[in-house]
Amino acid sequence: MSKKILALALCLLLAATCFAGCGDGSSSQDGGSSSQGGAASEASQAQGDASAAEGAIKIGGTGPLTGGAAIYGNAAKNGAQIAVDEINALGGLQFELRYEDDVHDPEKAVTAYNTLKDWGMQVFLGSVTSKPAVATSTEANSDHIFFLTPSASSTDVLGGVENPLTETVEIERKDNIFQMCFVDPNQGSASAQYIYDQKLGEKVAVIYKNDDVYSTGIYNSFAAKAQELEIEIVSTTTFTDDTSTDFSVQIADAKDNGADLVFLPMYYEAASMILIQADSVGYKPQWFGVDGMDGILTLDGFDTALAEGVMLLTPFNADSDDEATSKFVSTYKEQFGDVPNQFAADSYDCVWSIYNALKDEEVASDISASDLCDKLIAKFTSSDFSYDGLTGENMTWDETGAVSKSPKGMVIKEGAYVGMD
Amino acid sequence: MKRLIIRKKSRKNFLTYGIVVAAYVALMAVMAAGAMPSAIQGLLVPMCAYIIAAVSLNLTVGVLGELSLGHAGFMSVGAFTGCTAAMALANSGMPSWGRMAAAVVVGSLLAAAAGALVGVPVLRLQGDYLAIVTLAFGEIIKTVVTNLYIGIDPQGLHFGFLKPDIGLGKGGKMIVNGPNGISGIEKISTLTAGFLIILLCLVVIFNLVDSRSGRAIMALRDNRIAAESVGINATKYKLMAFVLSAAMAGAAGALYALSQNTVTASKFDFNTSILILVFVVLGGLGNMLGSIVAATVLYILPETWLRQFSDYRMLIYAVVLIGMMLVTNSQKVRTLLGKLLPQKKTKEKEGQGDA
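Taken in order, these protein sequences are the chains called A and B.
My numbering numbers the first residue of the first sequence as 1 and each following residue consecutively.
My numbering numbers the first residue of the second sequence as 422 and each following residue consecutively.
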């Protein structure tokens, strides 16, 4: 009996490893490029080490560098690395960057954060994805280490946001936590406003992922704003992690209710499945996405023709003629062989904004994380501090920790993002 | 001769207790000296939770001889009910250890109830049905908790399913928030509590195994027909071991949840169940000390030492797993170990008799 159990258990383990292998398949192409990137960043890390001898401020970050969401973590890491290299080349204030893998899991993210703390991290770039960031922001708050996340957009990361149902603040505002990206509710209501202003659709359908903080956060605020603007939502359907491969029911529901615009507040993997399956049943509404849609064009094996005409709100446009953006894009392509997405741009902006906040101050490189945190909070919340970056101009922060900047509408034309305005 | 075996067995049990207590003392000493890196310090309480889960699964798989593939489901029940209890008591003025204990008790009771629910119909059957049903149970729990909303306001607890609007009044607080799970948990579980629960579980398991009921359970594992022919009530004894195992998994879940900032239902998925099963299989079926060591090593390793390999971390982890499987099952290595440690030899034989 025990042998049988052993055999069965080992079979299951083997099967589970196979599944894990499949899951990683989508990012394997990404893995290839990241190992390339790894070589580049090792080279730059060597630089970093050299400068560390003179004393550099240690910046840490956690993100999914392996696993299903690896595309985001690696993009953020690479973007931050470019910024650090540029800043170190200027002389003066020096930075040293280290990213740790959190596999998009809050538990692992806390360990990654603790590892960085042991390394002597002075400024924390937070976690790249929302769920882990909720955990690491609480830790960083109790340790008083400055936290500026490039892309974790949930309100739970910042805390201090009132739940409209109970009129109570459920998670206290964590005073040293700041975001570079839009907070989820802003994205949802901005999308609804955009659809209303541009008269993009008469009947709207929404498909969202109800076991995901990011997706439900955007959906809730979108639905509230849509009600206020009297946008007609004819179909609302959901999916979860386990059902994110078959969307026939959701698409049929949207189609049967005559929706001419479908809002997809989700990450790009699921969105790509929806586009493929809608195409196979000949359903061609206007698709509208959010910043998680960014990355769909570089997805392995995805026919970009299917994404033709998809609209999305994102703060970053890699095709922009803007000098800073084109320089960043060409450096990124050269070092990592990819077109950077919004995550890379956001983390690039994070590092530069921290540099801007510190450049006029007298900062010794061995300053304690807590003292540096006080300085940075004072600077970021002060009314005369603003930052112009790749993802927006005149970005400012207030005590709530949320950034104020305006989203850009993008539309996919011939396999590339084009600004809508 | 029989007495000799019993004495050896109890010697092994005391060795297990001794190692656990020594580990606790050593850890506390290192922490008091301030020499513990924070990366490891943060892993200790979850590690205790995984050890408890592994030991409890070993009771089902190693002692009872049934396969459970949904042990994370019982942890999930314990985590969410225990955490709800702890958060509901937050303003009661109870000290944090009291709330923690209450959470563990509530978590293990409800997990035991879930275990009974699954066990009563399924353990009457023969064959691998328990594996299939527990697998389904784990998935069902995950889906249910994903859609569950629990809040508290001055009027008391409110429950809701599928919709977040559960009629919370002003000043209310959402505890379980559907797909977002529980966030803003006060981290009240401590290493001491973790070790106490481990010891308690070991005492319960060792005494059960050495008791009349335990011998009945093992007789059922080894030969059901023979056991039933001498009048052992198969369902009763199987249920006893299985419900106990579920209760311990619930305690592990509550301990785990109270050591994290945020817990979601998706944390307790099939992969977690398999992870715990891997701890049990690699540690040796029926071997509690083995489960403890395997859970410790396999939980701590990928998060600390293997981090230096960055992108290749999980690849190396897989190699370590395969290596451990080969080593622990190879007769050559066993004989070699037996020659090196003559004392070990007798234990090894006894261990085989156990499994």
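Note that CB positions come from ideal geometry on N, CA and C, so glycine has one too.
Treat the numbers as computed from the prediction; the structure is a model and nothing was measured.
Less than 8 Å divides the Cβ of leucine 698 of chain B from the Cβ of leucine 478 of chain B.
If you compare the alpha carbons of B:Phe582, B:Leu620, B:Ala453 and B:Ser517 with that of leucine 710 of chain B, the shortest gap goes to B:Leu620. According to the DSSP secondary-structure assignment, valine 597 of chain B is paired through a beta bridge with B:Ile571.
When DSSP states are grouped into helix, strand and coil, glutamate 487 of chain B belongs to the coil group. CA-CA distance, tyrosine 219 of chain A to tryptophan 287 of chain A, rounds to 15 Å. In this chain, the beta strand (DSSP E) harbouring alanine 205 of chain A covers 203-209.
Only residues of its own chain outside the window of five on either side were considered, and among them Tyr208 and Asn210 have a CB closer than 7 Å to the CB of threonine 216 of chain A, listed in chain order.
For threonine 115 of chain A, the nearest beta carbon of chain B is closer than 8 Å to its own beta carbon.
Listed along the chain, the chain A residues whose CB falls inside 7 Å of the CB of alanine 460 of chain B are Thr111, Asn114, Thr115 and Asp118. Within its own chain, the residues whose Cβ lies closer than 8 Å to the Cβ of leucine 706 of chain B, once the five positions on either side in sequence are excluded, are Asn479, Val482, Gly483 and Ala776, listed in chain order.
Residue-level contact by beta carbon fails for serine 497 of chain B and chain A, as no gap is shorter than 8 Å. Membership of glutamine 187 of chain A in the alpha helix (DSSP H) is indicated by the continuous run 184-197. Selection B:Leu464, B:Leu676, B:Lys594 and B:Glu487 evaluated against isoleucine 553 of chain B yields B:Glu487 as nearest (Cα-Cα). Spanning the alpha carbons of valine 539 of chain B and phenylalanine 558 of chain B requires a straight line of approximately 8 Å. Beta bridge pairing from DSSP links methionine 395 of chain A with A:Tyr387. The C-beta of lysine 563 of chain B has 16 or more other C-beta atoms within 10 Å across all chains shown, which makes the residue buried.
DSSP assignment within the region 681-755 of chain B yields the following whole alpha helix (DSSP H) runs of 4 residues or more, N-terminal first: 691-704, 709-724 and 734-750. For lysine 594 of chain B, the nearest CB of chain A lies under 8 Å from its own CB, placing it at the interface with that chain. The shortest CA-to-CA distance from arginine 636 of chain B to any of B:Val527, B:Leu485 and B:Leu465 is the one to B:Leu485.
For histidine 492 of chain B, the enclosing alpha helix (DSSP H) covers residues 492-509. Below the 7 Å Cβ cutoff, chain A contributes Thr66 as neighbours of methionine 735 of chain B, in chain order.
Taking a 10 Å sphere around the C-beta of asparagine 654 of chain B, we find fewer than 16 other C-beta atoms and assign the residue as exposed. DSSP places aspartate 143 of chain A in no beta strand (DSSP E) but in the uninterrupted alpha helix (DSSP H) bounded by 130-143.
Interface annotation for the region 521-536 of chain B against chain A: empty, criterion Cβ-Cβ distance under 9 Å.
Contact between glycine 599 of chain B and leucine 569 of chain B holds, with the beta-carbon distance rounding to 7 Å and staying under 8 Å. Inside the region 79-103 of chain A, DSSP marks whole beta strand (DSSP E) runs of 3 or more residues at positions 95-101, from first to last along the chain.
Rounded to whole angstroms, the Cβ separation of methionine 669 of chain B and cysteine 622 of chain B is 5 Å, and the two are in contact under 8 Å.
At least one CB of chain B lies nearer than 8 Å to the CB of proline 106 of chain A. Boundaries for glycine 536 of chain B: no beta strand (DSSP E) harbours it, while the alpha helix (DSSP H) harbouring it runs 517-543, taken from the DSSP string.
Around the CB of threonine 613 of chain B, fewer than 16 other CB atoms lie within 10 Å, so the residue is classed as exposed.
Taking C-beta separations shorter than 6 Å and ignoring five residues to either side along the sequence, the partners of leucine 703 of chain B in its chain run Ala715 and Met745, following chain order. The DSSP assignment places 286-289 and 311-314 as complete runs of the beta strand (DSSP E) inside the region 281-325 of chain A, in order along the chain (cut-off: 3 residues). Using beta-carbon distances, threonine 240 of chain A counts as an interface residue toward chain B, with a partner under 8 Å.
Residue state for methionine 180 of chain A is assigned as coil, using DSSP reduced to three classes.
Under DSSP, valine 411 of chain A takes part in a beta bridge, and its partners are A:Met311 and A:Val418. Under the three-state reduction of DSSP output, serine 244 of chain A falls in the coil class, being neither helix nor strand.
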